[in-house]
Structure formats: structure tokens, C-alpha cells
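What follows is a set of notes on a single structure, which appears directly below.
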Amino acid sequence: MMTASATSSIDVQIIGGGPVGLACAAWCLQKFPELSLQLIDRNPLNDSELIASDTRGIALSHGSKLLLDTINAWPSDSCAIHSVHVSQVGQFGRALMTREELGQAALGHIVRYRDIHLALRQALRALQPKAPHFSWLHTSPSDLSTPSNARCMVHAEGGLFTQQDWVESGRDYRQSALVGLVEVDNALAHHAWERFTSEGPLALLPSHYGKNTLNMVWCSSPENAERLNGISDADFLRELQAMFGSRLGQFKSIRDRRLYPLGLNYRKEIVQSNEVWIGNAAQALHPVAGQGLNLGLRDAYLLAEQLSDLFSKHPHSSKSRNAIEQALHHYALSRQADRKTTIGITDFLARVFTSPLAPVVAARGAALSLLQWLPPLKTRLARQMMFGRR
Ligand SMILES: Cc1cc2nc3c(=O)[nH]c(=O)nc-3n(C[C@H](O)[C@H](O)[C@H](O)COP(=O)(O)OP(=O)(O)OC[C@H]3O[C@@H](n4cnc5c(N)ncnc54)[C@H](O)[C@@H]3O)c2cc1C
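Each number in our numbering comes from the position in the sequence shown (counting from 1) with 1185 added on.
Set out below in C-alpha cells:
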């Protein structure tokens, strides 16, 4: 439980202890340990209660890895992606992207949500002893008394599409994602597959469990995803095999199936007076391009930079409402291009690659071929996905 008086001298309050809120807190304290900062976290204090939580595989870009490395928050269990193969079921057109073409050690990395979450909690704990004015409050979901008298409030409450208590701009793609871990006969190490089906993308991503265990993200209509979640393992594997084909040999097992609703919900204005929204609290995206958390981490990093600068360099004037509003205004401007591009590309891919219309199907086959034969275009797109737009 919290009391309002607990926050009376607080400069920054972050609401939400998911990956983005934790990362923002850690970067703030790393840059300015003296900051008076409060984190409101609905997750349990004890890490062991999170061990069985969200195990879905998340693709993090090399840019996100570099950012997380700065606070020692890179999870020990991860798998690098060296190549990505994109194709569509039953149609022409394919593109292959490799790390060599881009001159990078990896195109990205697959980590489990809960491992990022736990690594960030550890990173924040490591910074705690040197941060005398930091408080980390654990509340229960039923506790609605979140105090709001901090000088600056950062919303990092996250959430999934349809489960957020706000709806602004966006699109309902009428899709859900079914995720799980599949075992196959014969996969290529460090290789990711993205195959577009008539109902949505089906991704098979490498994992740290070994080359034949892959993270599956299968997007289809909510009804079909629900059905696929409910059928027996044997029936499921048969359907997956039929949809993906035989490139990986036999699909042998499936475990930990989970369903997620998908869609686009984003705020046009991410700053209002002394309040700012970051991560999924600012934008929930379709996972087709694996960009949601990557974008959220860039939000967190740049906001931490802005706030730590304000409170460390101008200790007296920073307390004024005006100075805070100005800093947040600068932050919002600095995020405009990256947000717009990332939301735009993701929305475009989610729509184009799920349309069953014949002209669109033909056009996307041509687009994949074009991407394959025009390396500069491919490199530009890949760089945007890896580092965002600055
Ligand atoms: C199927 C699927 C696959 C995905 N794959 C990728 C991928 O490959 N790459 C990628 O970059 N992104 C991916 N994403 C997106 C990614 O999961 C999100 O962008 C990311 O989780 C956002 O982090 P967040 O901290 O903003 O929000 P969340 O992860 O939702 O965390 C928010 C936290 O705040 C807490 N909270 C909520 N309300 C309050 C409150 N009032 N007070 C205190 N705490 C509160 C919640 O309990 C939660 O712990 C995927 C998403 C889905 C659904």
C-alpha cells in the first residue's frame, strides 16, 4: 500500500515495472544516481514468482542489445539471428537477409520476455545502493491509489491490444498470435523464418535451447488462433507442418502454447503537461516486424537522457513545472520521426501481408523479389529495423 505523502518530494514517478519502465528507471539512475525517483511496480517483489510467467520469444535488434549492455541488462539466455528468410505460402516471391550483407555480427537476437524482465530487475537492483532517493514500490493490481503528486509522471503501464484501458488511433487487424516452442528434425542454426499465410504471418525463430527448438509466433484470425490453441498436440503439429512445409523436416513437439490479441493502438500526443507515455503505454504494435519492445526501449533511453540532464544540470530551475514541460516537449519532438516510421512500417506490413486480395498477393511477391534483388533497399529497411530512426 502507498500513501500520497510518500511522493511529496518526488521528481519523477514511473508507473509500470515491465521492461520499458524498468529500463527507463535504470537509465535515469545510471545517468543521475541522485535523482528522486519512484517506480510503481505491480509485479511481485520476488523474482521466483515471475519464473513461470511470459515465456514468449521476443526479437530484439542489435541496437537494443547495445542499449541494454550499457546497464548490464542483457539476459544470459539469448540466441543471435544470422539470417532471415521471408516468403509466402503457396505464392512466388522470397527474400533472404544475412548478417554478412549488413556487415553486422547479428541481425537481431531472440530472448524470452521473462528473461528480459528479470535481467532488467537485476540491473536496477545493482544500481539501487548508489541511488539514495530511489524507491521501488510493489503494489497489487487492485491497488488503485497510485499517487500522482510527483513533478513528472512517466506512464509505462504497457498492456496488450484490447486489454489497454485507453483506445486512441489504430487498427484492429482481427488477428491473434499463438506462440509456443516447437521441436523440429533439422533446423539451421541461428536462422529465422517468416512465412506469410492467407491469415497472417507465421514466424519460426531460433532459441537458446539449441538449433532444433524454435520459437513459434503464428498469427491468424482470433477464431482460428483460439481453435489452434485448443486442439491436441498431434493435431496441432499436423496443421503446422501443412502450413510451413518440409524445409525443417518433421515437426516433433509443441509446448507452452499461449494466445495474444493483436492490433495497433497508439497515442498521437505522448506528452500532456507534466505527464509522458512510453513503450506500450504510448503504442501497442503488431509483432509482424518485431518492433514493439525495440521502440519502447528507445523511448525509455531518450526520456532518461532528457530527465537526467534536466535534474542534474539544473537542480533548482528543474523543479519548476515550466522546465519539466519544456523537457518533455523536447522529448516528444525527438521521438516523432522514429515513432512515425516504426508504427508506419509495422502497420503497412501487417496489412499488406495479411490481405487475401489477389492483386495484393501478387504485389507482395513482387516486393519480396525486389527486396532480394535491390540490396540497398534491403539494407535500408534492415537498418531501420535494427537501430530505429534517429
Ligand atoms: C505475441 C507478441 C510478440 C511480440 N514480439 C515482439 C518482438 O519480437 N520484438 C519486439 O520488440 N516486441 C515484440 N512484442 C511487443 C512487446 O512485447 C511489447 O512492446 C513490450 O512488452 C512492451 O513493454 P512495456 O514495458 O511497455 O509493457 P508491458 O510489457 O505490458 O509491461 C507493463 C508492466 O506494467 C505493469 N502495470 C500495468 N498497469 C500498472 C499500474 N497501474 N501500476 C503499476 N504497474 C502497472 C504491468 O503489470 C506490466 O508488468 C510482441 C508482442 C506480442 C503480443
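Ideal Cβ placement from N, Cα and C applies to all residues, glycine included.
Does the beta-carbon of residue 1483 have 16 or more other beta-carbons within 10 angstroms, so that it is buried, or is it exposed? Counted from its first residue, the sequence shown places residue 1483 at position 298. Flag for residue 1483 reads buried.
Whether or not the segment 1360–1380 and the segment 1449–1466 are in contact is what I'm after, with contact meaning three or more pairs of Cβ atoms, one per stretch, closer than 8 Å; do they touch? no
Inter-residue Cα distance where the pair is residue 1281 and residue 1536: Within the sequence shown, residue 1281 is the residue found at index 96, counting from 1. Within the sequence shown, residue 1536 is the residue found at index 351, counting from 1. Approximately 21 Å between the Cα atoms of the pair.
Determine the direct distance from the alpha carbon of residue 1234 to that of residue 1395, and round the result to whole angstroms. Residue mapping note: residue 1395 aligns to position 210 of the sequence shown, counting from 1. Residue mapping note: residue 1234 aligns to position 49 of the sequence shown, counting from 1. Each residue's alpha carbon lies about 26 Å from the other.
Within the same chain, show all residues whose beta-carbon is closer than 8 Å to that of residue 1423, passing over the 5 residues directly before and after it, in chain order. Residue 1423 sits at position 238 when you count from the first residue of the sequence shown. Answer for residue 1423: no residue qualifies.
Residue 1226 to residue 1324, Cα distance in whole Å? Taking the sequence shown and counting its residues from 1, the one referred to as residue 1226 is at position 41. Taking the sequence shown and counting its residues from 1, the one referred to as residue 1324 is at position 139. Near 6 Å, if we compare the C-alpha coordinates of residue 1324 and residue 1226.
Cβ pair residue 1479, residue 1230 closer than 8 Å: In the sequence shown, residue 1479 corresponds to position 294, counting from 1. In the sequence shown, residue 1230 corresponds to position 45, counting from 1. The Cβ atoms of residue 1479 and residue 1230 lie no closer than 8 Å to each other.
Consider the Cβ of residue 1481: report whether some Cβ of chain D lies at a distance smaller than 8 Å. Judged by its chain identifiers, the structure shown contains no chain D, having just a single protein chain.
Rounded to the nearest angstrom, how far is the Cβ of residue 1294 from that of residue 1221, given a contact under 8 Å? Translated into positions along the sequence shown, residue 1294 becomes position 109. Translated into positions along the sequence shown, residue 1221 becomes position 36. That pair is no contact at about 34 Å.
With a Cβ-Cβ cutoff of 8 Å, do residue 1438 and residue 1420 count as a contact? Taking the first residue of the sequence shown as 1, we reach residue 1438 at position 253. Taking the first residue of the sequence shown as 1, we reach residue 1420 at position 235. The Cβ atoms of residue 1438 and residue 1420 lie no closer than 8 Å to each other.
Using beta-carbon positions only, say whether residue 1195 and residue 1336 come within less than 8 Å of one another. Here residue 1195 is taken as the residue at index 10 of the sequence shown, counted from 1. Here residue 1336 is taken as the residue at index 151 of the sequence shown, counted from 1. One thing to note: residue 1195 has its Cβ within 8 Å of the Cβ of residue 1336.
Hey, would you say the C-beta of residue 1507 is under 7 Å away from at least one heavy atom of ligand 1? Within the sequence shown, the letter at position 322 stands for residue 1507. Flag unset: Cβ of residue 1507 not near ligand 1.
If you reduce the DSSP assignment to three classes, tell me which class residue 1410 lands in. Working through the sequence shown from its first residue, we reach residue 1410 at position 225. In the three-state reduction of the DSSP assignment, residue 1410 falls in the helix class.
Using DSSP with H/G/I as helix, E/B as strand and the rest coil, what is residue 1461? Mapped onto the sequence shown, residue 1461 falls at position 276. In this structure, residue 1461 counts as strand in the three-state DSSP scheme.
Measuring CB to CB, does residue 1488 end up less than 8 Å from residue 1339? Stepping through the sequence shown from its first residue, residue 1488 is reached at position 303. Stepping through the sequence shown from its first residue, residue 1339 is reached at position 154. Their beta carbons are under 8 Å apart, which means residue 1488 touches residue 1339 by this criterion.
Nearest to residue 1408 by alpha carbon, out of 1430, 1445, 1390 and 1434? Locating residue 1408 in the sequence shown gives position 223, counting from the first residue. Checked all of 1430, 1445, 1390 and 1434; the closest Cα to residue 1408 is 1445.
If I measure Cβ to Cβ from residue 1393 and keep anything under 7 Å in the same chain, skipping five residues before and after, which residues do I get? As a first step, residue 1393 is located in the sequence shown; it is residue number 208 there, counting from the start. Same-chain partners within the cutoff: 1262, 1263 and 1264.
Start-end ranges of the beta strand (DSSP E) lying completely within the segment 1392–1460, minimum 3 residues: 1398–1405 and 1436–1451
Taking 8 Å as the threshold (C-beta atoms), are residue 1201 and residue 1355 in contact? Within the sequence shown, residue 1355 is the residue found at index 170, counting from 1. Within the sequence shown, residue 1201 is the residue found at index 16, counting from 1. Taking 8 Å as the Cβ cut-off, residue 1355 and residue 1201 do not qualify as a contacting pair.
Buried or exposed, going by whether 16 or more other CB atoms sit within 10 Å of the CB of residue 1502? For the purposes of this step, residue 1502 is taken as the residue at position 317 of the sequence shown. Answer is exposed; the Cβ neighbour count stays below 16.
On a Cα-Cα basis, can you pick out the residue from 1369, 1411, 1387 and 1412 that is closest to residue 1397? The sequence position of residue 1397 within the sequence shown is 212, counting from 1. The shortest Cα separation from residue 1397 among 1369, 1411, 1387 and 1412 belongs to 1369.
Using a 10 Å radius around the Cβ and a threshold of 16 neighbouring Cβ atoms, would you call residue 1300 buried or exposed? Taking the sequence shown and counting its residues from 1, one reaches residue 1300 at position 115. Its Cβ being crowded by 16 or more others within 10 Å, residue 1300 is buried.
Would you list, in sequence order, the uninterrupted alpha helix (DSSP H) runs of no fewer than 4 residues that lie entirely inside the segment 1469–1546? 1477–1498 and 1506–1537
Are residue 1534 and residue 1473 touching if we call contact CB-CB under 8 Å? Here residue 1534 refers to the residue found at position 349 when the sequence shown is read from its first residue. Here residue 1473 refers to the residue found at position 288 when the sequence shown is read from its first residue. Going by C-beta atoms, residue 1534 is nearer than 8 Å to residue 1473.
Assign residue 1351 to buried or exposed, taking buried as 16 or more other Cβ atoms, counted over all protein chains shown, within 10 Å of its Cβ. The residue labelled residue 1351 in the question sits at position 166 within the sequence shown. That one is exposed.
Would the segment 1441–1458 count as touching the segment 1204–1219 if we require 3 or more Cβ pairs under 8 Å? no
Tell me the residue span of the beta strand (DSSP E) that contains residue 1306. The count along the sequence shown starts at 1 and reaches residue 1306 at position 121. Unbroken run through residue 1306 is the alpha helix (DSSP H), 1298–1312; no beta strand (DSSP E).
Around the Cβ of residue 1514, are there at least 16 other Cβ atoms within 10 angstroms (buried) or fewer (exposed)? Numbered from its first residue, the sequence shown carries residue 1514 at position 329. Burial call: exposed.
What's the call for residue 1360, buried or exposed, on a 16-neighbour Cβ count within 10 Å? In the sequence shown, the residue the question calls residue 1360 occupies position 175. Residue 1360 is buried by the Cβ-count criterion.
If we count the other Cβ atoms within 10 Å of its Cβ and call it buried at 16 or more, is residue 1238 buried or exposed? Translated into positions along the sequence shown, residue 1238 becomes position 53. A residue is called buried when at least 16 other Cβ atoms come within 10 angstroms of its Cβ; residue 1238 does not meet this threshold and is exposed.
Could you check what DSSP says for residue 1268 in three-state terms: helix, strand or coil? Counting from 1 along the sequence shown, the entry for residue 1268 is found at position 83. Under the three-state reduction of DSSP output, residue 1268 falls in the strand class.
Please classify residue 1522: is it buried, with 16 or more other beta-carbons within 10 angstroms of its beta-carbon, or exposed? Counting from one through the sequence shown, the residue named residue 1522 turns up at place 337. By the 10 Å Cβ count, residue 1522 comes out exposed.
Is the distance from the Cβ of residue 1207 to the Cβ of residue 1305 below 8 Å? As a working mapping, residue 1207 is identified with position 22 in the sequence shown. As a working mapping, residue 1305 is identified with position 120 in the sequence shown. Yes, Cβ-Cβ distance for residue 1207 and residue 1305 is below 8 Å.
Going by beta-carbon coordinates alone, are residue 1210 and residue 1309 separated by less than 8 Å? As a first step, residue 1210 must be located in the sequence shown, where it is residue number 25. As a first step, residue 1309 must be located in the sequence shown, where it is residue number 124. Contact flag set, yes.
Looking only at its own chain, which residues have a Cβ that is under 6 Å from the Cβ of residue 1307, when we skip the five neighbours before and after it? The count along the sequence shown starts at 1 and reaches residue 1307 at position 122. Within the same chain, residue 1307 has no close Cβ partners at all.
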